[in-house]
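Protein chains: 2
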Amino acid sequence: MRRWNGWGEDTTEVELPAHGAEFLHALIGAGEPLADATLEQVLARVPASRLPAHPQVSLDAEDRLRHARGQSLPDWLAMRSGDFGVFPDGVAFPETAGQIRELMAWAAERDLVLIPYGGGTSVAGHINPQHGERPVLTLSLERMNSLLEIDAASLIATFGPGANGPQVESQLRAQGYTLGHFPQSWELSTLGGWVAARSSGQQSLRYGRIEQLFAGGTLETFAGPLQLPSFPASAAGPDLREMVLGSEGRFGVISEVRVRISRLPDAETFYAVFLPDWPRALEAIRSLAQARVPLSMLRLSNAIETRTQLALAGHPEQIALLEKYLALRGARGDKCMLTFGVTGSRVQNAASLRQARKLLRSFGGVFTGTLLGRKWAQNRFRFPYLRHGLWSAGYLVDTLETATDWSNVDTLLNRLEASLRDGLADAGERVHVFTHLSHVYGEGCSLYTTYVYRPGGSYAQALERWQRLKHAASRCIVDNRGTISHQHGVGRDHAPYLAVEKGERGMAALRALAVHFDPEGRLAPGVLLPE
Amino acid sequence: MRRWNGWGEDTTEVELPAHGAEFLHALIGAGEPLADATLEQVLARVPASRLPAHPQVSLDAEDRLRHARGQSLPDWLAMRSGDFGVFPDGVAFPETAGQIRELMAWAAERDLVLIPYGGGTSVAGHINPQHGERPVLTLSLERMNSLLEIDAASLIATFGPGANGPQVESQLRAQGYTLGHFPQSWELSTLGGWVAARSSGQQSLRYGRIEQLFAGGTLETFAGPLQLPSFPASAAGPDLREMVLGSEGRFGVISEVRVRISRLPDAETFYAVFLPDWPRALEAIRSLAQARVPLSMLRLSNAIETRTQLALAGHPEQIALLEKYLALRGARGDKCMLTFGVTGSRVQNAASLRQARKLLRSFGGVFTGTLLGRKWAQNRFRFPYLRHGLWSAGYLVDTLETATDWSNVDTLLNRLEASLRDGLADAGERVHVFTHLSHVYGEGCSLYTTYVYRPGGSYAQALERWQRLKHAASRCIVDNRGTISHQHGVGRDHAPYLAVEKGERGMAALRALAVHFDPEGRLAPGVLLPE
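Written out as structure tokens, the structure reads:
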């Protein structure tokens, strides 16, 4: 069963290897485990609902509890402490667009707040109900998860918005297709959520971001349904899909999604290469991106992340052998691990691999074959489970992400890591910080930074530390030409920083659209556009 | 000097070859040349301006005349007949964003209509002033044509909005870069115009449409400047660039454009292949697109266009030899010409060519080497000049374009060609119609249809025939799942059909944005959103 207070199915456990615990202990001190509340304790705290009965709405305490929080670190602290804050007054599970419209009409009639809910994997506070006079109805789309139609000639598939990653891929693969969209949250996150929050998958280099995959569909708004027909491309005025992408529930509820799919590739292989140091590694990955070598994935860990990954991998003897081999070939203490994939026809893959190897060798890259690449592919959705292992060992882990132009990557990365590393210095606490670049473009790339810190003995302390770190890092990002999010969206946590990049005029235009579609401000108030 | 009543520089003349004239005569009858008005005659008709003097505004009759019309067929009929309709009351030539803002303030103060003007190449009525009580000021951006900055690491260039194709490319090539955006109007059309009308270049397969090239910039609005910083990608809410792309002057005046550029490629070659018939040709081009073979250009003429091109090419002896060669290899009367390009590194180009040849051979493709491809590349911007040759011979030519999903290409193409071919049947007139597909995507492609008809002895008759053909074709497009424009924009000519694809809700949202940015409706009224 899905965990009520953490990530994924409770049958999957990922523990922190002993070697990894020692590594962290040496870096930031002994872990400080916090005590978890039990489900029974939390259920006892769920208040009475303010909603009347409705045939499609569950007022059940456990349903409400299970839809109250996402997966951000503050969400974890809330769930683990049992101090959830606000619960929705009810959860609806519509099965058709018609039922979504009925529920919206009911919300208008009863003066409710509505929160569209996909997989509940937000790490930015998209789906958390807030205190207020209006009752809150969460609208879970999980039952609208079917593949409705495939246009085989045009490679277009139509889905319900609630299909999660495995539901999308299994229904497509049965017919020989793939969407190719694999965010780390893939096991739980949904198509509608990807569209609403502008998701990016690990193989976006081949398949594109959700912006490129989203061909059309329907948004149910309080002004009526916005129907988006699909065209391969159009010059017929502003692209209305772009109002839905990133709308984060503020303009309406996505009731149908048409996506661009691909035939399953002939072949796919992932490789790992070690570059001797960060300057050469950065130059190499930029060159690969700008030379348009047709790869399907590129991920470059900085030296600290490379060391951390090797430490947390377990198997210390095998890692020692690998390190010896790499050192002999010039990749020593500052080495950076680059993972890349080729996907497609065998002829094209061979040509891509040849180009990539040639270019990487010119920067001192040492190839290690396909073993580490295979490991990456096997474990690509495993990281969120590792949070449990770290939690049990008494360490808190969070991630941040942004994107910036190549000319600014080094500056932003250094400042961002420093803002976190030194963020708790006045409390005498060390923070372990590391980064990888995982989505590359001609213009620049994403930066994905992980930080590990100690909770400080109490939930209150843990949250206060997170707030300081998150604020310092967010401020650092927007003050240094980064976007406040490359792939997680804005939600509530990033909303205070959004105006720096959108500008006063941009924020006003988005507000004008929100008022146009939802004059009563019923949909996810406070998300995206701060109140 | 640039022609005042036609396309391009008056030093370039393209005549219709004798063989081509016979070909058209046989198909639709003898040409019927119309008499042209002279510049003096038209200048005498320019009325007095309603504007007071302003240091940046020209009230000169010839300036006003030269900014009154675009390049659509009705524009040609207006210019050639001398019956221009409405002239702008003045033309401003700002040199800075500050001057644009001053002119906008002046327009507000004096209650003027403002028409942003790039290269004046619109074929959909974007820049034509209309009758009305408010004086009309056309805002030409031609003096803001400089390359302002290059970020070499991020491959981003910042330009003034008025740089035309040659100005963009010459300033970039001097430093080893290219934008790679080559619409057929390239010699005259401008960066700001490409953004405002969502242009697509002939090599969009490699470089992307203007939507992918436009990284950011500034839109001067009546609510203040909308600044769009550039990020490689972002999940920070709806993408505001998409409000500027396709805004067609309705939301503001583009004062600066940041674009994604590329290093000049190592190598580039174009090839011509003949497919034996349309069904196999269509399947071949779809397969190439969906297999993601990294080509830089794909253009497939249907059988009628192939015949027409070979007839209009001149050199009948050489063409006869080619036809003999092709017939021996199976490409006879129904053959379709496919031109494709490879651009990039030599290793990649070789791999792409190998994949393309293999795939095309499996559909019966006959390769003819690089001669016809070279010819295409040499003549790629020449077609608009041929309108003069056809005009002199007494034939009118116009083009239409749309895009649709692959599963619908054949249906739409057949209906679209029929709507034009039979469009003047009740007058006993034949219309010569042919089509190519020139922008391909995984989901579908663009259709670019050319039609040639006789003016019927008078300008009034010529215009009436055009209106009937244009309406029939536009209706056919939107009623058959085509977009009203793939690359030319909406303007006034397509505005009446836009609501079919945008829907009532979409049109209302766009109007809400127009009112938000320009509450007095001063900017290009009637363009994009019908009045």
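Keeping their order, the protein sequence lines are chains A and B.
With the UniProt record's numbering, the residue at position 125 of the first sequence is 125, and numbering never jumps.
With the UniProt record's numbering, the residue at position 67 of the second sequence is 67, and numbering never jumps.
Positions of the beta carbon are idealized from the N, C-alpha and C atoms, including for glycine.
Note that the structure is a prediction, hence the values are computed from the model and not measured.
Looking at His436/B, Phe84/B, Asp277/B and Glu401/B, the one whose alpha-carbon comes closest to that of Thr38/B is Phe84/B. No Cβ of chain A is located within less than 8 Å of the beta carbon of Ile285/B.
Contact between the stretch 222-241 of chain B and the stretch 469-488 of chain A is established, with three or more Cβ pairs separated by less than 8 Å. In this structure, the alpha-carbon of Asp493/A lies about 26 Å from that of Ala107/A. Under DSSP, His67/A takes part in no beta bridge, so it has no partner. Separation of Thr450/A and Tyr497/B (C-alpha to C-alpha, rounded to the nearest whole angstrom) is 50 Å. Collapsing the DSSP output to three states places Gln130/B in coil. Between His486/A and Ser154/B, the C-beta spacing is not below 8 Å. Taking CB atoms only, Gly491/A has no neighbour in chain B less than 8 Å away.
Closer than 8 Å to the CB of Pro17/A there is not a single CB belonging to chain B. Under a 10 Å Cβ-count criterion, Val515/A is classified as exposed, with fewer than 16 other Cβ atoms of the shown protein chains found around its own Cβ. Assignment of alpha helix (DSSP H) within the stretch 396-445 of chain A, counting only whole runs of 4 or more residues, yields 406-421 in chain order. In the structure shown, Asp151/B adopts extended strand secondary structure according to DSSP, grouped into three states. The secondary-structure analysis by DSSP pairs Pro116/A across a beta bridge with Leu139/A. Against chain B, the CB of Ile100/A has no partner CB under 8 Å away; the residue lies outside that interface. The alpha-carbon separation between Leu205/B and Gln290/B amounts to approximately 12 Å.
Nearest to Gly98/B by C-alpha distance, out of Pro225/B, Gln175/B, Ile210/B and Leu137/B, is Pro225/B.
Under the Cβ criterion (8 Å, minimum of three pairs), the stretch 314-321 of chain A does not count as touching the stretch 268-276 of chain A. Counting C-beta pairs with one atom in each stretch, the stretch 240-256 of chain A and the stretch 329-345 of chain A have fewer than three that are closer than 8 Å, which means they do not touch.
Using a Cβ-Cβ cut-off of 8 Å, Pro238/B counts as an interface residue toward chain A, since at least one Cβ of chain A sits closer than that to its own.
Among the CB atoms of chain B, one or more fall inside 8 Å of the CB of His488/A.
Judged by beta-carbon spacing, Ile156/A lies within the 8 Å limit of Arg258/A, meaning their Cβ atoms are closer than that value. About 52 Å separates the beta carbon of Phe23/B from that of Phe222/B, a gap too long to meet the 8 Å contact definition. Relative to Glu149/B, the option among Leu288/B, Ser345/B and Val168/B whose CA is nearest is Val168/B. For Tyr451/B, DSSP records a beta bridge to Asp398/B and Val433/B.
When DSSP states are grouped into helix, strand and coil, Gly193/A belongs to the helix group. Among the residues of chain B, those whose CB is under 9 Å from the CB of Pro225/A are Gly503 and Arg505, following chain order. Nearest CB-CB separation between Asp36/A and chain B: not below the 8 Å threshold.
Thr435/A is outside the set of residues whose beta carbon lies under 8 Å from a beta carbon in chain B. By the Cβ test, the stretch 86-104 of chain A is in contact with the stretch 47-55 of chain A, since at least three Cβ pairs between them sit closer than 8 Å. As for any alpha helix (DSSP H) of minimum length 4 sitting wholly inside the stretch 306-370 of chain B, the runs are 316-328 and 346-361, ordered along the chain. Not one beta carbon of chain B lies nearer than 8 Å to the beta carbon of Glu531/A. Relative to the Cα of Leu73/B, the nearest Cα in the group Gln348/B, Val123/B, Leu34/B and His19/B belongs to Val123/B.
A straight-line Cα-Cα distance of about 32 Å links Gly521/A and Gln184/A.
In the DSSP assignment, Pro225/B forms a beta bridge with Glu220/B.
Residue contact with chain B for Ile115/A: absent (no Cβ-Cβ distance below 8 Å to any residue of chain B).
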